[in-house]
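Q:
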Amino acid sequence: MSKALRLSEKWFRRGLWLVAFVFAGFLIGLGGTVVGDLPKVEAPLQLDDFLDPQAVQPLRAQVKAAREVQEQAQAALEQAQLQRSRALSEARAERESFNQWLATRSATQRAEHDPEVLARTRRLDVLKEGERRAHQAVEAQEQALLDARQGADRALRRLEALEREGRERLAAEQRRVELRVFLYRLALTLPLLVAAGWLFARKRKSTWWPFVWGFIFFALFAFFVELVPYLPSYGGYVRYAVGIVVTVLVGRYAILALNRYLERQRQAESLPDAQRRRDLGYDAALARLGKGVCPGCERPVDLKNETIDFCPHCGIGLFERCGACSTRKSAFARFCHACGTAAAPATEAPAAGGAPGGPA
Ligand SMILES: [Zn+2]
Ligand SMILES: [Zn+2]
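Residue numbering for the sequence shown follows full-length UniProt numbering, starting at 1 and increasing by one per position.
This is the structure we're talking about:
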């Protein structure tokens, strides 16, 4: 497809490749739009779909209520603790002042102070009683807090057990959904791939090749973008297995193509010289000569050496003498470059002595 030597033809071919890519681009866009407009086949899964609401709702309510009670108990506990520390410090201050007063009194030993001793002792008792009540209030709130916390923990543990089972069911369902999505996509992509394979094998050199190649690019894009990322993984096994299968298929195709090419070359090299030159195609022969290889067997030949008229590898005639002016000229040229005589007899019909290795 790239053997054309005419300048315009080269540019036409480049333009046609561009057509192939643009065609592929539009096909990809259309395919993407179609896929985007398809109704979503799978609703996203949620954990709640796999939990028994009759069992879960009361537990959730229980946890919520216990949390609220816990918060209230915490606030009340903080209040009670504040009250207690206030009562403690009040009682301590009173006791210290009383002790001081007692020390002064024992030094002076004044009897008229006895009623005051009684009064102050009573006030101390009252403060002590307040202190005790503050202690009890704090303990009660601590108990309430503990009860609430343990109640919440119990409900939470049961809820977690239920959720764990739900998560297992969710994961199993997710794997099934993954497989289903992959199969939908395979059903969409496989016909494209089969059609592309058939086109590649049969039609890649037809007149309509830009569209054939455009479709092949589209199918490859669909395979790698719309299908491969959705392959279920199963811990990587599937991806590696698919990679191995694809590599084996591509490698098998390349090996068979190489063998076919070698067989074709072998058969071509056994044909008469003139027929080989005719079969080769003018542009293909010139392109190979331009690369310094024999057009018949594609092995390197020193074309600058004026004593070499035949390929030393396959025996095809590379240079000959013009029938009219005897100038040495390329055997593939259609006209003599010196006199312009058409080289028709050499390429149109098997010439006498044109067999490989024939002429000395
Ligand atoms: Zn050769
Ligand atoms: Zn000539």
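Note that CB positions come from ideal geometry on N, CA and C, so glycine has one too. Note that the structure is predicted; figures quoted are calculated from it, not measured.
(1) Quick check: what's the CA-CA separation for G151 versus L170?
(2) For F23, report the span of its alpha helix (DSSP H) as first-last.
(3) Just jot down, in chain order, the residues whose CB lies closer than 6 Å to any heavy atom of ligand 1.
(4) By Cβ distance, which residues of its chain are closer than 8 Å to L5, with the 5 residues on each side in sequence left out?
(5) Put E320 into one of helix, strand or coil per three-state DSSP.
(6) Nearest to F182 by CA position, among E116, E168, A161 and F223, is which residue?
(7) Given a threshold of 16 other Cβ atoms within 10 Å of its Cβ, counted over all protein chains shown, does G292 qualify as buried or as exposed?
(8) Counting C-beta neighbours from all protein chains within 10 Å, is the total for K329 16 or more, i.e. buried, or is it exposed?
(9) If you compare alpha carbons, which of G130, Q57 and A342 is closest to residue 377?
(10) Does DSSP put K40 in a helix, in a strand, or in coil?
(11) In angstroms with no decimal places, state the Cα-to-Cα distance between L30 and W17.
(12) Please confirm if the stretch 238-255 is in contact with the stretch 210-219, defined as three or more CB-CB distances below 8 Å between the two stretches.
(13) Can you find a C-beta in chain B that's less than 8 Å from the C-beta of A140?
(14) Between A155 and L227, is the Cβ-Cβ spacing less than 8 Å?
(15) Roughly how many whole angstroms lie between the Cα atoms of A352 and E9?
(16) Which of the three DSSP states is assigned to S233 in this structure?
(17) Distance, Cα to Cα, E348 vs F319?
(18) Leaving out five residues on either side along the sequence, give the residues of the same chain with a beta carbon under 7 Å from the beta carbon of R67.
(19) Grouping DSSP H, G and I as helix and E and B as strand, with all else coil, what is K128?
(20) By how many angstroms is the C-alpha of Q83 removed from the C-alpha of R120?
(21) When you compare each of E94, T108 and A219 to R122 by their alpha carbons, which one comes out closest?
(22) In the DSSP assignment, the beta strand (DSSP E) including R84 goes from what residue to what residue?
(23) Tell me whether T207 counts as near ligand 2, meaning its Cβ is closer than 7 Å to at least one heavy atom of that ligand.
(24) Under 7 Å from any heavy atom of ligand 2, does the C-beta of A24 make it?
(25) Let me know if L51 comes out buried or exposed under the rule of 16 or more other beta-carbons within 10 Å of its beta-carbon.
(26) Taking all protein chains shown into account, do 16 or more other C-beta atoms lie within 10 angstroms of the C-beta of A360, making it buried, or fewer, making it exposed?
(27) I'd like the list of long-range same chain contacts for F23, defined as Cβ closer than 7 Å, with 5 residues on each side in sequence excluded.
(28) Mind checking whether the beta-carbon of A195 lies closer than 7 Å to any heavy atom of ligand 2?
(29) Just checking A324 against ligand 2 - is the residue's beta carbon closer than 7 Å to any of the ligand's heavy atoms?
A: According to the data block:
(1) Just so you know, the alpha carbons of G151 and L170 end up roughly 28 Å apart.
(2) Where F23 is concerned, the enclosing alpha helix (DSSP H) stretches over L7 to D37.
(3) Those residues placing their Cβ nearer than 6 Å to any heavy atom of ligand 1 are, following chain order, C294, G296, C297, R299, C311, H313, C314 and I316.
(4) Closer than 8 Å at the Cβ level, and outside the excluded window around L5, lie D283, L286 and A287.
(5) In this structure, E320 counts as strand in the three-state DSSP scheme.
(6) Ranking the options by Cα distance to F182, first place goes to F223.
(7) Answer is exposed; the Cβ neighbour count stays below 16.
(8) Buried is the label assigned to K329, since at least 16 other Cβ atoms lie within 10 Å of its Cβ.
(9) No information on residue 377 is available, as it lies outside the stretch 1 to 360 that the chain covers here.
(10) Three-state result, K40: coil.
(11) About 20 Å.
(12) Taking a cut-off of 8 Å for Cβ pairs, the stretch 238-255 and the stretch 210-219 do not touch, as fewer than three such pairs fall below it.
(13) Included in the structure is just one protein chain, with no chain B present.
(14) Against a cut-off of 8 Å, the Cβ pair of L227 and A155 comes out as no contact.
(15) Caution is warranted here: a pLDDT of 40 is assigned to A352, below 50, making its placement in the model unreliable, and no coordinate value can be reported.
(16) Residue state for S233 is assigned as coil, using DSSP reduced to three classes.
(17) Reliability fails at E348, whose pLDDT of 43 lies under 50, so the model's placement of it is uncertain and the value that follows must be treated cautiously. Looking at the two C-alpha atoms, the distance is approximately 16 Å.
(18) Result list for R67: A152, in chain order.
(19) Here DSSP, grouped into helix, strand and coil, assigns K128 to helix.
(20) Looking at the two C-alpha atoms, the distance is approximately 23 Å.
(21) Closest option to R122, judged by alpha-carbon separation, among E94, T108 and A219: E94.
(22) Bounds of any beta strand (DSSP E) do not take in R84; it lies within the alpha helix (DSSP H) bounded by P53 to T108.
(23) No, the beta carbon of T207 sits no closer than 7 Å to any heavy atom of ligand 2.
(24) Checking every heavy atom of ligand 2 against the Cβ of A24, none is found closer than 7 Å.
(25) Buried, since its Cβ has 16 or more Cβ neighbours within 10 Å.
(26) For A360, the predicted model reports a pLDDT of 32, less than 50, meaning its position is unreliable and no value from the coordinates is stated.
(27) In the same chain as F23, and ignoring 5 residues on each side of it, the C-beta atoms closer than 7 Å to its own belong to P210, F211 and G214, in chain order.
(28) No, since every heavy atom of ligand 2 falls outside the 7 Å radius drawn around the Cβ of A195.
(29) Closer than 7 Å to some heavy atom of ligand 2: that describes the Cβ of A324.
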